[in-house]
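Data block below; observations after.
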Amino acid sequence: MSVKIRLARGGSKKRPFYSIVIADIRAPRDGRFIEKIGTFNPLLAKDDENRIIMDVERAKHWLEHGAQPTDRVLRFLDAAGVVKREARNNPNKAKPGKKAEERVADKAAAAEAAAAAAAAPAEEAPAEDAPAEEAAAE
Numbered sequence: 672m673s674v675k676i677r678l679a680r681g682g683s684k685k686r687p688f689y690s691i692v693i694a695d696i697r698a699p700r701d702g703r704f705i706e707k708i709g710t711f712n713p714l715l716a717k718d719d720e721n722r723i724i725m726d727v728e729r730a731k732h733w734l735e736h737g738a739q740p741t742d743r744v745l746r747f748l749d750a751a752g753v754v755k756r757e758a759r760n761n762p763n764k765a766k767p768g769k770k771a772e773e774r775v776a777d778k779a780a781a782a783e784a785a786a787a788a789a790a791a792p793a794e795e796a797p798a799e800d801a802p803a804e805e806a807a808a809e
């Protein structure tokens, strides 16, 4: 039987509260579980000691018996010093999406066109000023 250490959502609408449970991987997220080993309240401040309450000894027991923690639970276990979690790297995360790139390209094209339009009258302006200067010189 494959077992996971995962979060089961509770609480009301827009007020989440999670139980840290040991469950069969085929069981529904909020459904049947084998054992409850803790709670997680994301609405509390990150430095609040009641944000994550977990029975670390039971977590170690289940890890020894082959339970696989989800990524979020693995973060909790890493913070508790039970398991080492490798940091992930997503180099594409900071890159803008397709539509944002299109907007930047459109804005650059518009700025280029505006600069070209501003430069064209500036070149013509000295030519217009030249006859005025000649007339003033006479």
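Note that the numbering used here has the sequence shown beginning at 672, numbered continuously upward.
Positions of the beta carbon are idealized from the N, C-alpha and C atoms, including for glycine.
Item	Value
Whether alanine 751 touches valine 775 by CB criterion (8 Å)	no
Same chain, Cβ closer than 7 Å to arginine 680, neighbours up to 5 away in sequence not counted	Pro687, Tyr689, Arg700 and Asp701
Serine 673 versus Pro762, Arg729 and Ile693, residue with shortest Cα-Cα distance	Ile693
Contacting residues, own chain, Cβ-Cβ under 8 Å from histidine 736 (five flanking each side not counted)	Val674
Arginine 677 burial status per 10 Å Cβ neighbour count (16 or more: buried)	buried
DSSP state of alanine 698 mapped onto helix, strand, coil	coil
Residue burial classification, glycine 682 (beta-carbon count within 10 angstroms, cutoff 16)	exposed
Delimiting residues of the beta strand (DSSP E) encompassing leucine 745	Unbroken run through leucine 745 is the alpha helix (DSSP H), 742 to 751; no beta strand (DSSP E).
Through-space distance from alanine 765 to leucine 734, alpha-carbon basis	34 Å
Backbone CA spacing between asparagine 761 and aspartate 742 [nearest angstrom]	15 Å
Environment of alanine 738 [buried if 16+ CB atoms lie within 10 Å]	buried
4-residue-minimum alpha helix (DSSP H) runs that sit fully inside the region 691 to 740, ordered along the chain	727 to 735
Start and end residues, beta strand (DSSP E) containing arginine 677	674 to 683
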